[in-house]
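Read the structure below first, then the notes.
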Amino acid sequence: MKQNQPDEQRSRTFPVKENMSWQRLEWRIQRLGAAWLFIMVIAGACGLFSKGWLSHQTLISADGRLQVEYERFGLFDSDMTMTIRERQRGRGPLVITLSSQAMDNFQLQTLQPQPLRAVSSQHQMTLSWSRDSLQNGASVWLGLQPQKPGRYPVTISTPEGSRLQFTQWIYP
């Protein structure tokens, strides 16, 4: 480097007073912020905040009779889906109970097929269908809409003893 050229990495007072140690700190923070923003965009596209493969989850009960497909992460006032399947056909009516604080937080938008009977009480909802009315096995599709942000544990059970527990996170 020539003697008469100033070093760009040194602090100076002319034409503007600069403290290069603070300038380097600002550059580092900018690079970290850009990296953080890139990571958040990719995570969002993959489903960390709503629909996507990070959000989609499938659970099977310990006895293997009940399966649920749901979204772990959702957004306040956006539509979410849940599919409940009975993997081993039983006898008599199909009865499914959904219980927890989630029943108070989620508004049921759609329920297919329509149950013969639906009872709601004390943080739970019990739905029952005639097995003859269920085509293609026992699959129930629910369209839900969260009413408040937060963490909501959900329990799905049947009178036969099958039980699934999971948590859904709702972002504002």
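The C-terminal position of the sequence shown is numbered 203 in the working numbering, with every residue numbered one higher than the one before it.
Don't be surprised by glycine CBs; every beta carbon is placed ideally from N, CA and C.
Cβ-based burial, residue i [other Cβ within 10 Å; buried from 16]
i	result
residue 117	buried
residue 169	buried
residue 29	No answer is possible for residue 29: the residues shown for the chain start at 32 and end at 203.
residue 140	exposed
residue 71	exposed
Rounded separation between residue i and residue j - CA only
i	j	result
residue 201	residue 47	49 angstroms
residue 137	residue 130	11 angstroms
residue 82	residue 43	51 angstroms
residue 97	residue 192	10 angstroms
residue 105	residue 51	44 angstroms
residue 107	residue 73	21 angstroms
residue 114	residue 65	38 angstroms
residue 102	residue 93	20 angstroms
Collapsed DSSP secondary structure at residue i in the structure displayed
i	result
residue 59	helix
residue 84	coil
residue 148	strand
residue 95	coil
Check whether residue i and residue j have beta carbons under 9 angstroms apart
i	j	result
residue 85	residue 78	yes
residue 127	residue 157	yes
residue 177	residue 111	yes
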